[in-house]
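A.B. asks: Starting off with a structure, shown below.
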Amino acid sequence: MANSQRKSYVIGVGMTNFIKPRGQVDYPVMAREAVVKALLDIEKTYDVIQQVYVGYCFGDSTCGQRAVYQLGMTQIPVINVNNNCSTGSTALYLARQAVEFGIVDCALALGFEKMTSGSIANYYKDRTNPLDTTVSLLSETRGITNSPFAAQIFGNAGIEYCENYGATAEHMAKIGEKNHRHSANNPYAQFQNVYTLEQIKSSPQIFGPLTKLQCCPTSDGSAAVIVASEKFVIENNLQGQAIEIVAQAMATDSPDLLEKRSSIELAGADMTRKAAKQVYEQAGITADDIQVVELHDCFSSNELITYDALGLCKPGQAHKLVDSNDVTYGGKYVINPSGGLISKGHPLGATGLAQCAELVWQLRGWCTNRQVPNLKYALQHNIGLGGAVVVSVYKQAELQGKNNDDKTGWKRRFGYNPAIESRGITEQDFRKVCSKQISEYLLAAKL
């Protein structure tokens, strides 16, 4: 990193349950819960937040302001972010930049989504589709069917990987089985049922090798992450709970998208390769140093091709990781201990921040029945077609004045362990962390 950059740390996280999109909970309510939990995590009021980056894909122009004003109208910058499925991690990327380059000492990244049921559709028919190039290339290479568009993109990528390297549909089904099994220990997951491999394979076919239980659902939910400088961490005695963002990179599509006529490249693999290479160089590590990964498994086929793109295996050997059980507990890596998008859910604006929350809890040692042992480095991968990917590496902070680790810090801050128990917030929780400047009128109105 450049000398002008400072280190940045995640100091507080919070999230809601991810639920089916039935219109029962509005986005300000979801956002309030996530932010209140993140502030309870650092035992501070909203007044310490100096900038806010709010990610969502479905909503009007200033939903971000509406979401955070209820915590206080402190006149700080509130920036709305939309980067397709990588929206949440893009908000985090911007918050981290603001801290590392000395613009602020404490920033909030918030993400939420209130979605409609069913596959994501193109809502604006009177303007150019931002994925028009992707649509054209899909049509020219493998053709377009009536199946959901995203399933075709990622399903074709899986088919091509099988054709090129000898993987099979069974490998993708095993990934779906693993992630559903992992989510049984995640109280925030939209689905917590465990399925056999045969149940995964025999669920309704969506496209090509992909069955329903290998595809992420549409979801409602919210997540929040507070990022701070070393100065802020030490001044507020937060060393024990701080998790360092060791490296982070964002990449967009390369000419390979157009030139290779490849379904794997159409799914954004080269973006991932670029960002992964950058974070390993920044962190001074290799993929072999990683123990746990939260990976963007919108479809099981994308998890398969991403093992390769992240360098978790040699090129063309992703399916061998699956065969050797090196993607679950007891293996080389634990990939998607949260259950991933397939089982945890995928509210677009919140997904990247929920991934961060899981890895922070893992690095703090809070995850008990899904805890990854002997954890030093954690990696996050969040991708959106169109395109953007954010890859991040985290580790426990090594800071002056740090005493012990934070394995039991939840007792004081929450009274329960939020990594393994999901609870809502109370009015008392809200009042404890909202801005000291907020008026009784706003409290009563619950804006």
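Numbering (the numbering used here), first residue to last: 2 to 448. Where is the CB? At the ideal position from N, CA and C, for every residue including glycine.
Let's see if you can read the secondary structure: which residues bound the alpha helix (DSSP H) around M173?
C.D. replies: 170 to 184
A.B. asks: Three or more C-beta pairs under 8 Å: does that hold for the segment 297 to 314 against the segment 190 to 198?
C.D. replies: no
A.B. asks: On the criterion of 16 or more Cβ atoms from any shown chain inside 10 Å, does L259 qualify as buried, or is it exposed?
C.D. replies: exposed
A.B. asks: Taking the straight line between their C-alpha atoms, what separation do you get for R33 and E231?
C.D. replies: 27 Å
A.B. asks: Which of helix, strand or coil does DSSP assign to Y281?
C.D. replies: helix
A.B. asks: I'd like the ranges of any beta strand (DSSP E) spanning at least 3 consecutive residues and lying wholly in the segment 20 to 84.
C.D. replies: 52 to 56, 79 to 82
A.B. asks: Let me confirm a value: N130 is counted as buried when at least 16 other C-beta atoms fall within 10 Å, else exposed. Which label applies?
C.D. replies: N130 should be labelled exposed.
A.B. asks: Look at the Cβ atom of I12, then the Cβ atom of L239, and state whether they are nearer than 7 Å.
C.D. replies: Taking 7 Å as the Cβ cut-off, I12 and L239 qualify as a contacting pair.
A.B. asks: Considering only residues of the segment 331 to 392, which uninterrupted beta strand (DSSP E) runs meet the minimum length of 3 residues and lie entirely inside it, listed in chain order?
C.D. replies: 378 to 385
A.B. asks: Quick one: what does DSSP say I12 is sitting in, helix, strand or coil?
C.D. replies: Strand.
A.B. asks: Can you have a look at E101 and say buried or exposed, based on whether 16 or more other CB atoms are within 10 angstroms of its CB?
C.D. replies: buried
A.B. asks: As an exercise, report each continuous beta strand (DSSP E) stretch of at least 3 residues that is fully enclosed by the segment 94 to 132, in chain order.
C.D. replies: 107 to 114
A.B. asks: According to DSSP, is E295 helix, strand or coil?
C.D. replies: When secondary structure is reduced to three states using DSSP, E295 falls in the strand class.
A.B. asks: Which residues in the same chain as E422 place their Cβ atom closer than 7 Å to its Cβ, once the five residues preceding and following it in sequence are excluded?
C.D. replies: P188
A.B. asks: Distance, Cα to Cα, I20 vs I343?
C.D. replies: 13 Å
A.B. asks: In this structure, how does DSSP classify G471 when only helix, strand and coil are distinguished?
C.D. replies: Given that the chain is displayed from residue 2 to residue 448, the structure contains no residue 471 and the question cannot be resolved.
A.B. asks: What is the DSSP secondary structure of S302, counted as helix, strand or coil?
C.D. replies: helix
A.B. asks: Considering only the beta carbon of each residue, do K377 and K396 sit closer than 7 Å?
C.D. replies: yes
A.B. asks: What are the partner residues of L211, as DSSP defines its beta bridges?
C.D. replies: F208
A.B. asks: If you draw a straight line from the C-alpha of K45 to the C-alpha of L349, how long is it?
C.D. replies: 28 Å
A.B. asks: Enumerate in chain order the residues of its own chain whose CB-to-CB distance from S118 is below 7 Å, with the five nearest sequence positions on each side excluded.
C.D. replies: P22, T219
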